[in-house]
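Top to bottom, those sequences are chains A and B. If you're matching positions, the first sequence starts at 1 in our numbering and goes up one per residue. If you're matching positions, the second sequence starts at 1001 in our numbering and goes up one per residue. This report concerns only the one structure given below.
2 protein chains.
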Amino acid sequence: MSTYLIGIDVGGTTVKIGKFLHTGELLSSYEIKTDTSDYGKNILFDIYRSLLDRNEDLSQIIGYGFGVPGPVTNNIVTQCVNLGWENYDIRERFGTLVQNKNVFVNNDANVAALGELFGGAAKGKRDVVMMTLGTGLGGGVISNSIPVEGHNGAGGEIGHIIVDLHNGRQCNCGNKGCLETIASASGIVREFNDLRAELTMPSILDKRKYISAKAIMDAAKDGDQLAMNTIDNVAFYLGYACHIISVTTNPEVIVLGGGVSRAGAFLLNKVANEFREYKFIAVHDTKIILAELGNDAGMYGAALLVLNG
Amino acid sequence: MSTYLIGIDVGGTTVKIGKFLHTGELLSSYEIKTDTSDYGKNILFDIYRSLLDRNEDLSQIIGYGFGVPGPVTNNIVTQCVNLGWENYDIRERFGTLVQNKNVFVNNDANVAALGELFGGAAKGKRDVVMMTLGTGLGGGVISNSIPVEGHNGAGGEIGHIIVDLHNGRQCNCGNKGCLETIASASGIVREFNDLRAELTMPSILDKRKYISAKAIMDAAKDGDQLAMNTIDNVAFYLGYACHIISVTTNPEVIVLGGGVSRAGAFLLNKVANEFREYKFIAVHDTKIILAELGNDAGMYGAALLVLNG
């Protein structure tokens, strides 16, 4: 009898592969390198071979889920620039290798959100939004346990909500004032530098040549006024984005993940306080929480794709 | 063989009842008065009796869909203030009357959006957002043909997205600067009056005692500068809301309905032009279109609930 789910998170550097029970329990996991040569044509075979190398009994596998770094519609990868894939049919290719067509594919941000719902901070919830505060700012919107993929696979692009409509900084997407320009790791550094130029205020970070988001967060925790002002601004706009999301898709929880969220309760409490300033009663019990799975979220969510079918 | 769908749009004044083919074709429709006495306890029986009065063969009915003016979760009406219903189980009550448990219930705004998808402007699309610009501003978000209900049934409350974060007018919900305070019929009048106070500019509407959104729209079409400025502001914020929606749920079309949308291409083109100013490439083919079904949208969408199951 088939008993296990395989969740596969394909990143530009490594592929993470996890074996799960249908309850969301992770039994084992490992990583292999991502071979992006020749338009990524070896990646799926490398994954298949790694399963054989580990003597996995493939007849015991219910199905395989993939999270990939790019837009996906109907299990077809539209484009993964980092991997070299374009209009790439993983179900057909990988399904043939493992002789099992229970292969499901979704975008890595959606899959990370699903992961927190399958085995992390949002376990058992059905309506979940995740914001991944990394170098950029990714997002995943889950409605009734299913990702809101959208027409072009661009559902949940929360980092590109324009939150600073009038004085926004330039974003890579072409717009100005996107949430990503303020609340991602790079956005926090830009916010700090802009505030420093504007306020001409001294900071314990003044002597540093390179300033990271983490350094700013730590300085804020240590009471540095300029860093605190920066994080207060970041939290204000994250709280505003949570308001926008809450009236649009009305999640039960909004999960903050990614490297920036390692600031923990310090950041979380500020964002939650900003969010609670908004009054609309129907969404007032939406909770803002921290992600729990870190870099494993993608594996978990990919495995859940199999159960969602 | 069961062949027909019944779509029922329960409003505070009338109940609209339509008989549909599964293709979305409306065969016949009629209205009855909504009896809101005794906490609306007669409404469902009145609907049942109206079907018998019309000699409908109930064995031919696949199922019944209801749109109701209030939040719904899992086919249970949480609260309809206008009807007197609270935690009201329509499936159980109406299903018993018609001896058919294929009874499905959703919020009127979601159902109107589904209606345009079933037989109106968004026919055949799967990812649709509707904004109903009436006295208030309602919304419905449809992902993969299913309404995004949200945790509390407050998904798609687009009128309560705060779009004017810094100088917003008070909204009934308790917040300031909600889209509803600018782009609903009442919002347009408030925008006009505020601009008039601010700009001290003459208008052909100056001699009017009562000014409606329609009068402002007509004056703008006639070239009245103050009215044109008003509608330009309205279109700017509607375009901004379309941007927010497009990166959050990535619909193929955004449908503008409700009384204000009767301004037609005049308003639509302005909103579409504002929306096109935003650059994010993945959502650039989202189209903004006018609703087609008017007050019948609810019946159509309610009927589709039955097919969605």
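The C-beta atom is built at its ideal place from N, Cα and C for all residues, glycine as well. Remember, predicted model here, so these are calculated numbers, not experimental data.
- The C-alpha of Asn1229 of chain B is placed about 59 Å away from the C-alpha of Phe20 of chain A.
- In this structure, DSSP gives Ser1050 of chain B a helical state, which the three-state scheme calls helix.
- Tyr240, His243, Ile244, Ile245, Ser246, Val247, Thr248, Thr249, Asn250, Pro251, Glu252, Val253: these are the residues of the region 232–258 of chain A whose beta carbon lies less than 9 Å from some beta carbon of chain B, given in chain order.
- When rounded, the separation of the alpha-carbon atoms in Leu1226 of chain B and Val163 of chain A is 28 Å.
- Judged by beta-carbon spacing, Phe118 of chain A lies beyond the 9 Å limit of Phe66 of chain A, meaning their Cβ atoms are not closer than that value.
- For Glu1025 of chain B, the secondary structure class from DSSP, reduced to helix, strand or coil, is coil.
- Taken in chain order, the members of the region 1046–1075 of chain B whose beta-carbon sits within less than 9 Å of a beta-carbon on chain A are Pro1071.
- The count of Cβ pairs closer than 8 Å, one atom from the region 1176–1192 of chain B and one from the region 1235–1247 of chain B, reaches three, so the stretches are in contact.
- A contact is defined here as three or more CB-CB pairs under 8 Å, and the region 1095–1114 of chain B meets this definition with respect to the region 1135–1153 of chain B.
- The Cβ-Cβ distance between Leu1293 of chain B and Glu1116 of chain B falls below 9 Å.
- Excluding residues up to 5 positions away in sequence, Gly18, Lys19, Phe20, Gly119, Asp296, Met299, Tyr300 lie with their Cβ nearer than 8 Å to the Cβ of Leu26 of chain A in the same chain.
- Counted as a single uninterrupted DSSP element, the alpha helix (DSSP H) harbouring Leu1238 of chain B occupies residues 1225–1248.
- For the C-beta of Asn308 of chain A, not a single chain B residue is nearer than 7 Å; the gap to the nearest is close to 12 Å.
- Taking 3 residues as the shortest admissible run, the region 1257–1292 of chain B contains the following complete beta strand (DSSP E) segments, listed from N- to C-terminal end: 1287–1290.
- Taking 9 Å as the threshold, the shortest C-beta distance from Leu1165 of chain B to chain A falls below it.
- Judged by DSSP secondary structure, Met1217 of chain B falls within the alpha helix (DSSP H) whose first and last residues are 1213–1221.
- Sixteen is the threshold: since fewer than 16 other Cβ atoms of the shown chains lie within 10 Å of the Cβ of Pro202 of chain A, the residue is exposed.
- Residue pairing by DSSP places Met1130 of chain B opposite B:Gly1140, B:Val1255 in a beta bridge.
- The region 238–253 of chain A makes contact with the region 120–136 of chain A, as at least three CB pairs between them are under 8 Å.
- Going by DSSP, Gly1095 of chain B is part of the alpha helix (DSSP H) stretching over 1090–1098.
- Each residue's CA atom was taken as its position, placing Tyr88 of chain A and Lys1214 of chain B some 51 Å apart.
- Contact annotation for Asn1152 of chain B against chain A: Asn250, Ala282, Val283, Asp285 [CB-CB distance below 8 Å, chain order].
- Per DSSP, Asp1009 of chain B is not a residue of any alpha helix (DSSP H); the beta strand (DSSP E) it occupies stretches across 1004–1010.
- Under the three-pair Cβ rule at 8 Å, the region 93–104 of chain A counts as touching the region 53–70 of chain A.
- Residues of chain B with a Cβ closer than 8 Å to the Cβ of Cys173 of chain A are, in chain order, Lys1279, Phe1280, Ile1281.
- Annotated as proximal: Cys242 of chain A and Phe275 of chain A, with beta-carbon spacing under 9 Å.
- Here Thr1034 of chain B carries a coil assignment [DSSP, helix/strand/coil].
- Any Cβ of chain B closer than 9 Å to the Cβ of Val77 of chain A would place that residue at the interface, and such an atom is absent.
- Collapsing the DSSP output to three states places Tyr210 of chain A in coil.
- Residue pairing from DSSP places Lys1016 of chain B in a beta bridge opposite B:Asp1009, B:Glu1031.
- Setting aside the 5 residues that flank it on each side, Ile1216 of chain B is surrounded in the same chain by Ile1188, Val1189, Phe1192, Leu1205, Ala1227, Thr1230, Ile1231, each with a C-beta closer than 8 Å to its C-beta; the list follows chain order.
- Secondary structure note for Gly1301 of chain B: its alpha helix (DSSP H) is the uninterrupted segment 1297–1308.
- When the alpha-carbon of Ser212 of chain A is set against those of A:Gly155, A:Ala263, A:Gly153, the nearest one is in A:Ala263.
- Counted as a single uninterrupted DSSP element, the beta strand (DSSP E) harbouring Thr1078 of chain B occupies residues 1076–1080.
- DSSP, reduced to helix, strand and coil, places Ile158 of chain A within a helical segment of the structure shown.
- Bounds of the beta strand (DSSP E) holding Asn1107 of chain B are 1103–1107.
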